[in-house]
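Mapped onto the numbering used here, the consecutive letters of the sequence shown carry residue numbers 193 to 696.
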Amino acid sequence: MDGWAILSLLIWLPILGGLIVLVAGDKLSRPVALIFSVLTFVVSLPLWTGFDASSYLMQFEEKHVWIDTFNINYYLGVDGIAMPLIILNTFITVLIVIAGWEVIKKKPAQYMAAFLIMEGIINGVFAAQDAMLFYIFFEAMLIPMFLVIGVWGGVNRVYATIKFFLYTFFGSVFMLISLIYMYNQGGSFAIADMYNLKLGMTAQILIFLSFLIAFGVKVPMWPVHTWLPDAHVEAPTGGSVILAAIMLKIGGYGFLRFSLPMVPDAARELTWLVIFMSLTAVVYIGFVALVQKDMKKLVAYSSIAHMGFVTLGFFLVYAIYNNTGSYEGSVLAMQGGMVQMVSHGFISGAMFLCIGVLYDRMHTREIDAYGGVANTMPIFTAFFVLFAMANTGLPGTSGFVGEFMVILASFKANFWIAFLAATTLIVGAGYTLWLVKRVIFGGVANDQVAMLQDINKREFTFLAVLAFAVLLVGLWPQPLIHVMEATIVHIVDLATQTKLPGVN
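1. Between the alpha carbons of V628 and A621, how many angstroms are there, rounded?
2. Taking the continuous beta strand (DSSP E) assigned at I264, which residues delimit it?
3. I need the straight-line Cα distance from H256 to F596, nearest angstrom please.
4. Just to confirm, are A301 and V433 a CB contact at a threshold of 8 angstroms?
5. I'd like the span of the beta strand (DSSP E) that includes Q251, first residue to last.
6. Between S590 and I539, how many whole angstroms is the CB-CB distance? I'm expecting something under 8 angstroms.
7. Could you work out which residue in T394, L625, Q532 and A561 is closest to F576 when comparing CA atoms only?
8. Going by C-alpha distance, which of L667, I279, N583 and Y562 is nearest P238?
9. Any idea what DSSP makes of A427, helix, strand or coil?
10. For G594 and I438, which I take to be in contact (beta-carbon distance under 8 angstroms), what is that distance rounded to the nearest angstrom?
11. For F207, I'd like the list of residues in its chain whose CB is within less than 6 angstroms of its CB, leaving aside the five on either flank, ordered along the chain.
12. Please state whether DSSP places A637 in a helix, a strand or coil.
13. Could I get the ranges of all uninterrupted alpha helix (DSSP H) runs contained in the stretch 508-564, with 4 residues as the minimum, in chain order?
14. Under a three-way DSSP split, which group does E218 fall into?
15. Considering just the uninterrupted stretch of the alpha helix (DSSP H) at W608, what are its terminal residues?
16. Starting from D322, follow its DSSP beta bridges and name the residues at the other end.
17. May I have the straight-line CA-CA distance separating L494 from T653, to the nearest angstrom?
18. Assuming M526 and F501 are in contact, meaning their beta carbons sit under 8 angstroms apart, how far apart are those beta carbons, in whole angstroms?
19. Would you mind stating whether G431 and A305 have Cβ atoms separated by less than 8 angstroms?
20. Buried or exposed, going by whether 16 or more other CB atoms sit within 10 Å of the CB of T573?
21. Sorted by chain position, which residues of the same chain lie with C-beta nearer than 7 angstroms to M554's C-beta, five sequence neighbours on each side aside?
22. Using 8 angstroms as the threshold, is the stretch 608-620 in touch with the stretch 665-672, meaning 3 or more CB pairs across them?
23. Please name the residue, chosen from G563, I547 and A566, that lies closest to R707 on a Cα-to-Cα basis.
24. Once you ignore the five residues that flank L287 on each side, which residues in its own chain have a CB closer than 6 angstroms to its CB?
25. Under the rule that 16 or more other beta-carbon atoms within 10 Å means buried, what is F330, buried or exposed?
26. Which residue comes first and which comes last in the alpha helix (DSSP H) that contains R650?
27. Look up H486 in the DSSP assignment and give the residues it is bridged to.
28. By DSSP, does T584 sit in helix, in strand, or in coil?
29. Starting from P456, trace the alpha helix (DSSP H) both ways and give me its first and last residue.
30. Of the residues A642, L249, A637 and A614, which one's Cα is nearest the Cα of V475?
31. Using the beta-carbon count (16 or more within 10 Å), is V365 buried or exposed?
32. Count Cβ pairs between the stretch 328-342 and the stretch 372-379 that sit closer than 8 angstroms; are there 3 or more?
33. Taking DSSP as the reference, what is the three-state secondary structure of M499?
34. Determine whether the beta carbon atoms of L201 and V235 lie at a separation below 8 angstroms.
35. Going by Cα to Cα distance, which pick from A352, T429 and F447 is closest to I399?
36. For Y445, report the span of its alpha helix (DSSP H) as first-last.
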């Protein structure tokens, strides 16, 4: 399998598809976009079937000299944390194309092209093993997302796009400075070479803080989270789905790929800061979600709280290792964070698609405009309630697995960390069930709700596929945990600077 240029294909095939969609025009844009999105998903499947889960080494590697003067290479590869995220991206993109099939009336060719191009760029982010190549893909994905919100967004879309762009671009500038500094120290932009740099504590702390800004904005972490609710509210449904399901994961991925292995001493010293920010997101942002009147804003704040679990799981590695002296809890916490990322991709995408289904019918996201939807849309109600339960972390759904692993690992670090993390089970259930009660149950609220039509075959298709994914990971998470285990053990090894058993 390594002989294939499969990663290049996953980057450039959807980008080519996006350009072909533009040329094909509005009439052919939908079927052409569907063909390329499905084809890209099919091409991504050999990453899973041909992956050697026993090794942490990069697989499916491709390396070509790009800019020889600065030792910048077109270097691609995947390991146990990148591979599941690429497959998640190709999977979600197919659903976005299906979801926008009948809904997008304005410039459908440009809309479909933007998502295909974004898919290829995001695959490049996860596959890049050269830091400068990573940075280029990292910045490039802002452009199609900027256009998606700016062209197909709501009334305040200009404000939301500018805020989104400035926050993300501002954060990544610090990352670029750090990458250039490390290049000057080691003469290479290869990420693996940067792991071997011997940096002083001052340099490590400055680099760590620069990464914290760049990836913290992307997650987003408290207090640099305010761009996300605005972006979600103004974005079209597809934009909200790709934002929540995929783009937020790039922040978490960046911490694993850059922060923990490259500057482990600084990460150890400042782990308290990230844990504090993560717990604030889990607890405080959960209460913020409780008072929202807009369904999209509520789910957006819910996303921030759930992503707080991801960063908490990643940075518990030091708290657990220092407290117990063993790495098992650290691996468990990091695995929980990764499972939570994949699970959140399914659940948040499903929640935004459900909100989109209602918005397409009533053209409002205000919770007060609904009530008694179960009476007129029983099939939709079944899906909505399932995804809402998954959002609360109900056992048997994917939302339970990652949260349970992180909370379980938290007890090995500190009781109060575990206690605060576990409050999400109460607060999350509070805002999610209250949303369900006000929107779904009770008597029919008004004539508009009384006239609602249940979901059609197209809507049933993408909701059923996501329901299957949520239940599959919830009931059988072992395959996902298995493929990432060797890589996560290796990252814990690099982060703690302790050779751990079981690493190839």
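Think of the CB as a built atom: it goes at the ideal place given N, C-alpha and C, for glycine as much as any other residue.
Well, looking at it:
1. 10 angstroms
2. I264 to V270
3. 42 angstroms
4. no
5. Q251 to I259
6. 7 angstroms
7. L625
8. I279
9. coil
10. Rounded, the Cβ-Cβ distance is 16 angstroms, inconsistent with contact.
11. One point to set straight first is that residue 207 is Ile, not Phe, in the sequence displayed. Once the five neighbours on either side are set aside, the close Cβ partners of I207 are I309 and G312.
12. coil
13. 520-554
14. The sequence given here places Asp at residue 218; Glu does not occur at that position. Residue state, collapsed to three classes: helix.
15. F607 to V631
16. A382
17. The residue you asked about is not Leu; residue 494 is Ser in the sequence shown. In a straight line, the C-alpha of S494 is about 25 angstroms away from that of T653.
18. Their Cβ separation, rounded to whole angstroms, is 12 angstroms, which puts M526 and F501 out of contact at 8 angstroms.
19. no
20. buried
21. A561 and Q640
22. no
23. Past the boundaries of the shown model lies residue 707; the chain is included only from 193 to 696, so the question cannot be answered.
24. F654
25. buried
26. K649 to L667
27. The question names His, but residue 486 in the sequence shown is Asp. In DSSP, D486 forms a bridge with E558.
28. helix
29. P456 to E461
30. A614
31. exposed
32. no
33. helix
34. yes
35. F447
36. L440 to G446
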